[in-house]
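Undergrad:
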Amino acid sequence: MEYVIVNGEFISRSDAKVDIEDRGYQFGDGVYEVIRVYNGKMFTGQEHLERLMESGKKIGLEIKYTVQELKAMLTELIEKNNLTLGTIYLQISRGVAPRNHAFPSSDVAHSFVANTKAVDRPAENMESGVKTILLEDIRWLLCDIKSLNLLGNLMAKQRAAEAGCFEAIQHRGEIVTEGSSSNVSIIKDGKVITHPANNLILNGITRQKVLQLCRKNDIPVEERAFTLEELKQADEVFLSGTTVEVMPIIEIENQKVGNGKPGSLTRKLQELFEKAIENECGSL
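So for the sequence shown, the numbering used here puts the first residue at 1; every next one is plus one.
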């Protein structure tokens with residue numbers, strides 16, 4: 001039997017149901033996280049759950065559980081489902097209440113659900129690199145909140161899929177922001193450049209880990225906005241994210257990045273990131 005968590009209880013996935021008036025379902029009124037699992041252990045689970053709490057605060061959603069309580073439940077869920085390699089998805093909505101745009105009273109309990117999924121590492125794409133398109137960023141101006149409102153992201157991802165590409169690199173005018181489900185960084189003259197962690201991007205946990213690794217290993221980093229022209233002239237470009245890890249980009253809008261193959265510094269970052277996983281979760 002596959003287990004899920006519904007409001008703190010472990011039940012069979014087949015028995016799990018969502019109320020038709022759950023605000024997550026009707027309004028996207030909630031927050032979520034996706035956490036990678038390697039060797040049956042959460043990778044950067046603490047950081048993901050702390051970000052969940054921050055996202056909740058930013059939308060006025062008081063999460064009743066502590067980080068440690070959530071971590072304990074998710075660890076038990078991994079064990080119950082015998083998950084070795086995959087992901088945990090969890091979301092918290094503002095709860096079930098008669099449909100009204102204004103928030104319900106504070107005595108309405110929020111809804112908490114979580115489930116696991118077996119997912120392999122994207123080894124082939126990490127080795128060969130991926131192709132991308134460019135797309136105007138049409139999303140709202142609070143992208144730092146990991147909310148359930150993902151329609152703009154979905155539309156961008158679909159455009160990429162229709163073009164036979166892995167990801168859509170989004171931009172606001174001439175300024176590159178991020179991918180539809182990942183962060184984007186460029187490398188120029190040995191320096192990693194990535195958009196600052198403000199309201200225009202999600203401050204990805206993998207992004208943060210990569211920047212930490214750069215600083216620990218004397219790889220120059222600059223957190224600043226960069227332009228479409230800088231993107232096109234970059235020596236290397238890569239995505240970062242929970243499920244993509246460090247993913248080389250070899251083509252943007254049918255134009256090669258560099259020589260059209262993953263670059264040496266991106267390869268170095270992949271190695272450093274893999275060591276970070278092994279340090280926390282054991283050998284891969």
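Even glycine gets a Cβ: it sits at the ideal position worked out from N, Cα and C. None of the values given here were measured: they were computed from a predicted structure.
Report buried or exposed for residue 289, applying the criterion of at least 16 other Cβ atoms within 10 angstroms of its Cβ.
TA: Residue 289 falls outside the range modelled here, since the chain spans only 1 to 284, and no answer is possible.
Undergrad: The beta strand (DSSP E) spanning residue 34 covers which residue range?
TA: 30 to 38
Undergrad: Going by the beta-carbon positions, is the gap between residue 29 and residue 59 smaller than 9 angstroms?
TA: yes
Undergrad: Beta strand (DSSP E) containing residue 90: first to last residue?
TA: 86 to 93
Undergrad: Just reading off the beta strand (DSSP E) that residue 134 is part of, what are its end residues?
TA: 130 to 136
Undergrad: Given that a residue counts as buried once 16 or more other Cβ atoms are within 10 Å of its Cβ, and exposed if not, what is residue 158?
TA: exposed
Undergrad: Hey, how far is the Cα of residue 225 from the Cα of residue 132?
TA: For residue 225 and residue 132, the distance between alpha carbons rounds to 19 angstroms.
Undergrad: Flag this pair as yes or no: are the beta carbons of residue 37 and residue 87 separated by less than 9 angstroms?
TA: yes
Undergrad: So, are the CB atoms of residue 35 and residue 45 less than 9 angstroms apart?
TA: yes
Undergrad: Between the C-alpha atoms of residue 204 and residue 20, what's the straight-line distance to the nearest angstrom?
TA: 31 angstroms
Undergrad: My output table needs one value for residue 44: the three-state DSSP class, helix, strand or coil.
TA: coil
Undergrad: In terms of residue numbering, what span does the alpha helix (DSSP H) encompassing residue 264 cover?
TA: First-last of the alpha helix (DSSP H) with residue 264: 264 to 281.
Undergrad: Spell out a yes or no on whether the region 265 to 278 and the region 235 to 242 are touching, meaning 3 or more CB-CB pairs, one atom from each, closer than 8 angstroms.
TA: yes
Undergrad: List the residues that DSSP assigns as beta-bridge partners of residue 114.
TA: BP columns for residue 114 point to 5, 90.
Undergrad: When DSSP builds the beta bridges, which residues end up paired with residue 172?
TA: Paired residue(s): 175.
Undergrad: Let me make sure I understand the geometry here. Which of 233, 136, 208, 227 has the alpha-carbon closest to that of residue 152?
TA: 136
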